[in-house]
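S.K.: First the structure, which I've put down as structure tokens, then a few questions once you've had a look.
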Amino acid sequence: MKIFEREEKSPLKIISLGGWGKVTENLFVYEYQDKILIIDCGIGFAEKNSDKGDLIVADASYLEKNRSKILAIALTHGHEDHIGALPYVLPKIGKNIPLYGSKLTAALIEEKFREHEISNKVNVVKAYEKVKLGPFTLEFVNVTHSIPDACNIAINTPLGMIYHASDFKFDWTPPVGKKIDAGRIASIGNQGVVLMLSDCLGSERSGYTLSESSVEDSLEREMRGCRGRVFVTTISSNISRWQQAMNVALRYNRKVALAGRSIEKNIEVASRIGYMNIPKGMFVKVSQAERMPANRVCFFIAGSQGQEGSTLDKVISGVYRGTKMRKDDKVIFSSDNIPGTEVSVYGLIDKLCRQGLEVSYSAIFDDLHVSGHGSQADLALMLSLVRPLSVVPIGGAFRHMKQYSVLADKLGYKEDRVLLPSYSNVIEVTEGGKVSLQKGDLIPKAIYVKSPQGKRSYGKKK
Numbered sequence: 004m005k006i007f008e009r010e011e012k013s014p015l016k017i018i019s020l021g022g023w024g025k026v027t028e029n030l031f032v033y034e035y036q037d038k039i040l041i042i043d044c045g046i047g048f049a050e051k052n053s054d055k056g057d058l059i060v061a062d063a064s065y066l067e068k069n070r071s072k073i074l075a076i077a078l079t080h081g082h083e084d085h086i087g088a089l090p091y092v093l094p095k096i097g098k099n100i101p102l103y104g105s106k107l108t109a110a111l112i113e114e115k116f117r118e119h120e121i122s123n124k125v126n127v128v129k130a131y132e133k134v135k136l137g138p139f140t141l142e143f144v145n146v147t148h149s150i151p152d153a154c155n156i157a158i159n160t161p162l163g164m165i166y167h168a169s170d171f172k173f174d175w176t177p178p179v180g181k182k183i184d185a186g187r188i189a190s191i192g193n194q195g196v197v198l199m200l201s202d203c204l205g206s207e208r209s210g211y212t213l214s215e216s217s218v219e220d221s222l223e224r225e226m227r228g229c230r231g232r233v234f235v236t237t238i239s240s241n242i243s244r245w246q247q248a249m250n251v252a253l254r255y256n257r258k259v260a261l262a263g264r265s266i267e268k269n270i271e272v273a274s275r276i277g278y279m280n281i282p283k284g285m286f287v288k289v290s291q292a293e294r295m296p297a298n299r300v301c302f303f304i305a306g307s308q309g310q311e312g313s314t315l316d317k318v319i320s321g322v323y324r325g326t327k328m329r330k331d332d333k334v335i336f337s338s339d340n341i342p343g344t345e346v347s348v349y350g351l352i353d354k355l356c357r358q359g360l361e362v363s364y365s366a367i368f369d370d371l372h373v374s375g376h377g378s379q380a381d382l383a384l385m386l387s388l389v390r391p392l393s394v395v396p397i398g399g400a401f402r403h404m405k406q407y408s409v410l411a412d413k414l415g416y417k418e419d420r421v422l423l424p425s426y427s428n429v430i431e432v433t434e435g436g437k438v439s440l441q442k443g444d445l446i447p448k449a450i451y452v453k454s455p456q457g458k459r460s461y462g463k464k465k
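Quick note: the sequence shown uses my numbering, first residue 4, plus one each step.
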């Protein structure tokens with residue numbers, strides 16, 4: 004009997020319940036022995052509304068079966084494809100599971116919970132603060148994205164450090180929030196990182212992604228000289244974009260009317276906790292805006308992804324009670340299409356054009372939107388700072404993952420150190436920093452659900 008023989012550590016498994024090679028439905032499971040840590044819990048968007056539902060949620064049956072193992076859910080930022088599935092997944096796996104996120108992320112989640120009559124609170128985590136959860140110790144690291152208060156998560160495990168680099172870019176002049184903490188990222192890299200899971204959605208673009216602050220000049224160009232009312236639409240949680248649009252409206256003496264419950268909620272939350280600076284008297288009700296001179300009004304309107312039943316869809320269709328489109332109105336899409344929404348978005352733009360309205364969107368003015376995802380230079384910089392032994396690209400389609408591997412190869416990462424998991428693979432981390440792909444038993448399955456907005460629009464006769 005060898006009394007002093009070192010006990011071999013169990014492998015750590017990483018599972019993507021939303022499926023590898025997916026942009027949305029982010030839901031990652033970190034499993035060590037009998038403990039599970041969940042990173043993000045996001046939705047996807049149905050390509051076309053049907054009786055099935057307008058949203059897609061990853062199949063959580065694995066978590067239901069293993070609910071006693073779940074320690075917590077950590078959220079990287081407040082976009083729907085990272086937090087939107089919480090109201091649908093939590094009731095199945097246990098409403099009392101602890102949640103952790105940054106200040107803005109927590110506030111957006113709790114507002115969403117109120118709509119779904121869920122009473123959970125989110126534990127707010129500050130930068131550099133460490134959270135001990137069973138065999139995992141988490142540190143939330145400030146990064147920049149298209150929403151303020153985004154984080155990467157450094158996860159110290161019994162098998163070494165894993166760096167979960169969800170959506171990010173290196174934005175040194177963000178219009179709202181803090182800069183990316185490159186110094187802390189480098190410090191974590193100096194400690195030794197076994198594996199990094201990295202955003203790869205921008206891997207097809209060369210150079211660095213532009214700063215969010217660059218969009219304000221583009222919005223000003225589009226608003227300048229417009230004789231009619233201006234309608235600005237973007238993703239409702241894009242807090243910095245709303246702030247920039249408000250800055251421009253203020254310069255041109257336009258009051259802002261909010262049209263859409265999601266926008267109203269997100270702006271109210273952001274302003275309440277100090278992430279938006281709103282001048283007194285800046286907002287007017289839609290009914291007030293109707294009585295004002297056209298060149299003194301700017302609408303912030305929901306529906307940038309072409310959602311059926313959104314406020315923009317209703318205004319275009321003439322069924323919105325608050326207002327209707329007028330001859331000299333201008334509609335500005337300051338957003339890109341989320342995968343799965345392209346047909347709906349361009350269908351909406353077609354309707355606007357058929358009505359003779361002036362429409363500005365990124366396909367004709369590419370400076371109306373900048374991506375929140377790092378391009379090749381951003382991705383290379385992150386890889387150089389973290390210096391992991393192995394890397395797995397996430398948050399993109401397989402073509403993005405493949406292009407990321409080409410980029411990593413140029414930085415000296417050989418093929419066996421850049422893992423490209425297929426849809427149902429499980430990543431396994433073992434002693435000595437070994438990372439491998441294993442065949443998984445779970446086949447990711449899409450579950451269609453109806454959002455509160457979708458529930459209101461279904462059942463209506465076309």
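Virtual Cβ for every residue (Gly too), placed ideally from N, Cα, C.
None of these values were measured; they are calculated from a predicted model.
Under 8 Å, with one C-beta from each stretch per pair, do the segment 216–228 and the segment 32–45 reach the 3-pair mark?
M.R.: Cβ pair count under 8 Å is below three, so no.
S.K.: What would DSSP say about residue 256, mapped onto helix, strand or coil?
M.R.: The answer is coil: DSSP assigns residue 256 none of H, G, I, E or B.
S.K.: In the structure shown, what three-state DSSP assignment does residue 285 receive?
M.R.: Of the three classes helix, strand and coil, the one that applies to residue 285 here is coil, per DSSP.
S.K.: Note down, one range per segment and in chain order, each beta strand (DSSP E) of at least 3 residues found wholly within the segment 43–90.
M.R.: Those beta strand (DSSP E) runs which fall completely within the segment 43–90 and span 3+ residues are 46–48, 58–61, 73–77.
S.K.: Can you give me the C-alpha to C-alpha distance between residue 336 and residue 313, rounded to a whole angstrom?
M.R.: Distance between the alpha carbons of residue 336 and residue 313: 14 Å.
S.K.: Round the Cβ separation of residue 183 and residue 389 to the nearest angstrom and send it over; I've been treating them as touching at under 8 Å.
M.R.: Their Cβ separation, rounded to whole angstroms, is 13 Å, which puts residue 183 and residue 389 out of contact at 8 Å.
S.K.: Using DSSP with H/G/I as helix, E/B as strand and the rest coil, what is residue 21?
M.R.: The answer is coil: DSSP assigns residue 21 none of H, G, I, E or B.
S.K.: Can residue 107 and residue 124 be called in contact, C-beta distance under 9 Å?
M.R.: Not closer than 9 Å, so no.
S.K.: Does DSSP put residue 108 in a helix, a strand or coil?
M.R.: Three-state result, residue 108: helix.
S.K.: For residue 454, count neighbouring C-beta atoms within 10 Å of its own C-beta (all shown protein chains included) and say buried if the count is 16 or more, exposed if not.
M.R.: Label assigned to residue 454: buried.
S.K.: Once the 5 residues before and after residue 189 are set aside, which same chain residues still bring their CB inside 7 Å of it?
M.R.: So the list reads 388, once near-sequence residues are dropped.
S.K.: Taking C-alpha atoms, which residue in 151, 33, 92, 217 lies nearest to residue 136?
M.R.: Closest option to residue 136, Cα to Cα, is 33.
S.K.: Beta-carbon separation of residue 260 and residue 291 under 9 Å?
M.R.: In contact: residue 260 and residue 291 (Cβ atoms closer than 9 Å).
S.K.: Quick check for students: name the residue ranges of the beta strand (DSSP E) that lie wholly in the segment 346–372, counting only runs of 3 or more.
M.R.: For the segment 346–372, whole beta strand (DSSP E) runs of length 3 or above, ordered along the chain, are 361–363.
S.K.: Per DSSP, which one or two residues make a beta bridge with residue 202?
M.R.: BP columns for residue 202 point to 397.
S.K.: Could you check if residue 30 is buried or exposed, using at least 16 other CB atoms within 10 Å of its CB as the buried criterion?
M.R.: So residue 30 counts as buried.
S.K.: Check for me: the alpha helix (DSSP H) holding residue 271 runs from which residue to which?
M.R.: It spans 264–275 - the alpha helix (DSSP H) in which residue 271 sits, taken as one unbroken run.
S.K.: I think residue 24 touches residue 400, with their Cβ atoms under 8 Å apart; what is that distance to the nearest whole Å?
M.R.: Contact flag correct, Cβ pair sits at about 6 Å.
S.K.: Using three-state DSSP, classify residue 439 as helix, strand or coil.
M.R.: Three-state DSSP puts residue 439 in a strand.
S.K.: Could you please give the first and the last residue of the uninterrupted alpha helix (DSSP H) stretch that includes residue 309?
M.R.: Here residue 309 belongs to no alpha helix (DSSP H), and DSSP marks it neither H nor E.
S.K.: Would residue 364 be called buried (16 or more neighbouring beta carbons within 10 Å of its own) or exposed?
M.R.: So residue 364 ends up on the buried side.
S.K.: Where does residue 196 land, buried or exposed, given buried means 16+ other C-beta within 10 angstroms?
M.R.: Burial call: buried.
S.K.: Report buried or exposed for residue 58, applying the criterion of at least 16 other Cβ atoms within 10 angstroms of its Cβ.
M.R.: It is buried - the Cβ of residue 58 has at least 16 other Cβ atoms within 10 Å.
S.K.: Please work out which residues of its chain come closer than 6 Å, Cβ to Cβ, to residue 344, disregarding the five sequence neighbours upstream and downstream, and give them in chain order.
M.R.: Cβ within range, chain order: 48, 308, 309.
S.K.: Name the DSSP beta bridge partners of residue 38, please?
M.R.: According to DSSP, residue 38 bridges with 35.
S.K.: For residue 232, count neighbouring Cβ atoms within 10 angstroms of its own Cβ and tell me buried if that reaches 16, exposed if not.
M.R.: Buried is the call here.
S.K.: According to DSSP, simplified to helix, strand and coil, what is residue 380?
M.R.: Residue 380: helix per DSSP, three-state reduction.
S.K.: Would you give the residue range spanned by the alpha helix (DSSP H) that residue 130 belongs to?
M.R.: It is not in any alpha helix (DSSP H) - residue 130 carries neither H nor E in the DSSP assignment.
S.K.: Should the segment 11–19 be regarded as contacting the segment 113–133, the criterion being three or more beta carbon pairs within less than 8 Å?
M.R.: Short answer: they don't touch.
S.K.: Within the same chain, show all residues whose beta-carbon is closer than 7 Å to that of residue 6, passing over the 5 residues directly before and after it, in chain order.
M.R.: Annotation note: pLDDT 40 at residue 6 (below 50); position unreliable, coordinate value reported separately. So no residue of the chain qualifies.
S.K.: Applying the 10 Å Cβ sphere with the 16-neighbour rule, what's the burial state of residue 175?
M.R.: It is exposed - the Cβ of residue 175 has fewer than 16 other Cβ atoms within 10 Å.
S.K.: Is the separation between the beta-carbon of residue 410 and that of residue 382 shorter than 9 Å?
M.R.: Taking 9 Å as the Cβ cut-off, residue 410 and residue 382 qualify as a contacting pair.
S.K.: Under 8 Å by Cβ, that's how I've got residue 375 and residue 115 pegged, so tell me the actual separation to the nearest angstrom.
M.R.: That pair is no contact at about 20 Å.
S.K.: Give me whichever residues DSSP pairs with residue 136 in a beta bridge.
M.R.: Residue 136 is bridged to 139.
S.K.: Compare the C-alpha of residue 28 against each of 82, 100, 320, 297 and name the closest.
M.R.: Of the candidates 82, 100, 320, 297, the one whose C-alpha sits nearest the C-alpha of residue 28 is 82.
S.K.: Write down the C-beta distance between residue 237 and residue 338 rounded to the nearest angstrom, noting that I regard them as a contact closer than 8 Å.
M.R.: Correct: roughly 4 Å between the Cβ atoms.
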